[in-house]
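Colleague: Could you have a look at this structure, given as structure tokens, before my questions?
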Amino acid sequence: MLIPLGVTFCNLNSGINHKNLNEYLSKPRYKTRSHIGVLLTKLSKTSTTLLHMNVRKSFHRTHIKLRDKQWCQCHWKVSNCKAKHLDYTSEEEKEEEVGKATLIWRAIKLPIYSVALVPLTVGGATAYMQTGRFLAWRYLYLLAFSVLIITWLNLSNDVYDFDTGADKNKKESVVNMLGSRAGTFIAAYLSLALGLMGLTQASVQAGNLQSMLLLICAIICGYIYQCPPFRLSYQGLGEPLCFAAFGPFATTAFYLLLGSTSEINKPPISCAILCASVLVGFTTTLILFCSHFHQVEEDMAVGKLSPLVRLGTKRGSDVVRVAVMALYSLLFAFGLSRALPAACILLCALTAPIGKLVVSFVQENYKDKGKIFMAKYYCVRLHALFGVALATGLVVTKRFLPRLKF
């Protein structure tokens, strides 16, 4: 029964053969799949293109952000560096401006002239305690010509240190500042000639040639300390010469000049003036010793064997401590032996904090070449205050304790 029905169905569709049927059935399906594939391909390409575009845009945005961030960082760093450079430059200019004034001050060395004032003041006070006389006009006269002698010492020291190369890097050297060795040399020896003439005249007026001999000895100590052919400071003998010149020689000479006239006999050389001159020489020598701390390298380079070149700055700081302790030990020893009045011991003991300041400053800064330069100025303070206290004690003893004899 199924066969006839199949034959009948085939007869009804006799116009369509099997091949045509397959082509008919396969053709629309092929076209549909091709259209969908094209669409999918286009969509895939479009999405890929969009994806690439998005990635590129995202990368471009990220790159721009990173570039902007890096530019900002670089701009901040450059600005910061410029600011620091400007600050550094302004600080350098400021230091240079301050440095010029400081160099002039250092070249003048005004505080160092206390080494002329203190021996004269202590010598005059001792003469007043011994004789009750004080010639103010002669005091001022001697002070003026003593300053000329100190000017010679400072200028000639710069000249001869310039010759040896010790002051090659010393900006405050008068020769380096003026640029004229000959001019500095002439000014130095002109000061010496005028000072020597003035001191000689004062000695003649006082009728005391012994004082003139002592002053000549002090000047000779200064000459052989720094001038050729001697230059004993290069052998480390500057400190003993300084002690002798400003202590026993100069202080005792001023004592004789201020305590005598042509009509009155010269005062006797007592224990008081000898002990006072030792203390003055001690504090003066401490100034010279501490002035070497900041120039050890320069001294070594030119063969200048200063005490600090031999000892080193560490041992040198220990020497300063021992020296200050020895100064006050001598003071109390002179007081206990009654060589100096009790008023001198009391007033000079009040300067102990300054002595402690000198020791602590040197102990803390002996390695710092920039800071240790100020050590000698701390010693100048000690020298000046100690000298004033000593002179005041001598005057107080005469004015308020006249019955006590020393």
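Just so you know, the UniProt record's numbering puts the end of the sequence shown at 406, numbered straight through with nothing missing.
Yeah, the Cβ is synthetic: ideal placement off N, Cα and C, and Gly gets one too.
1. Under the three-state reduction of DSSP, which class applies to S337: helix, strand or coil?
2. Looking at C-alpha atoms only, which residue of Y366, F243, P248 and A187 is the closest neighbour of S211?
3. Just to confirm my understanding: we take V362, look at its own chain, exclude 5 residues before and 5 after, and list those with CB closer than 6 Å. What are they?
4. Applying the 10 Å Cβ sphere with the 16-neighbour rule, what's the burial state of E364?
5. What separation, rounded to the nearest whole angstrom, lies between the Cα atoms of W152 and I224?
6. What's the C-alpha gap between P307 and F289?
7. Give a yes or no on contact between the region 178 to 198 and the region 132 to 147, applying the rule of three or more CB pairs nearer than 8 Å.
8. Give every residue of the same chain whose Cβ lies closer than 6 Å to the Cβ of A250, excluding the five residues on either side of it in the sequence, and list them in chain order.
9. Does the beta-carbon of L401, which I'm using as the reference point, lie nearer than 7 Å to any heavy atom of the ligand NAD?
10. Between the alpha carbons of S203 and L209, how many angstroms are there, rounded?
11. Near D167, what residues of its chain come up, given a Cβ to Cβ distance below 8 Å and the 5 sequence neighbours on each side ignored?
12. Going straight from the alpha carbon of H292 to that of A389, what length do you get?
13. Could you check if L286 is buried or exposed, using at least 16 other CB atoms within 10 Å of its CB as the buried criterion?
14. Exposed or buried, which one is T397 when buried takes at least 16 other CB atoms within 10 Å?
15. Determine the burial state of I186: buried for a count of at least 16 other Cβ atoms within 10 Å of its Cβ, exposed for fewer.
16. For A343, which residues from the same chain have a beta carbon less than 6 Å from its beta carbon, with the 5 sequence-adjacent residues on both sides left out?
17. Is it true that the region 228 to 236 meets the region 262 to 277, where meeting means three or more beta-carbon pairs spaced less than 8 Å apart?
18. Can you tell me the Cα-Cα spacing of K109 and G238, whole angstroms?
19. Less than 8 Å between C-beta atoms, sequence neighbours within five positions excluded: which residues of the same chain meet that for G132?
20. Where does M300 sit, in a helix, a strand or coil, going by DSSP?
21. Leaving out five residues on either side along the sequence, give the residues of the same chain with a beta carbon under 8 Å from the beta carbon of N169.
22. Got a sec, what are the start and stop residues for the alpha helix (DSSP H) L133 sits in?
23. Please report the Cβ distance between L214 and A253, rounded to the nearest whole angstrom; I am assuming they are in contact, meaning their Cβ atoms lie under 8 Å.
24. I'd like the list of long-range same chain contacts for S114, defined as Cβ closer than 7 Å, with 5 residues on each side in sequence excluded.
25. Whole angstroms is fine: what's the gap from F400's alpha carbon to A391's?
Modeller: On the basis of the coordinates in this document:
1. coil
2. P248
3. S317, V320 and A375
4. exposed
5. 13 Å
6. 8 Å
7. yes
8. P119 and A218
9. Summarising the ligand content, the structure contains no ligands, and the ligand NAD is consequently not present.
10. 6 Å
11. D158, D161, S173, V175, N176 and E298
12. 27 Å
13. buried
14. buried
15. exposed
16. G393, V396 and T397
17. no
18. 19 Å
19. K398
20. helix
21. E298
22. In the sequence as displayed, the identity of residue 133 is Arg instead of Leu. Element bounds for R133: n/a, residue is neither H nor E.
23. 4 Å
24. V380, H383 and A384
25. 14 Å
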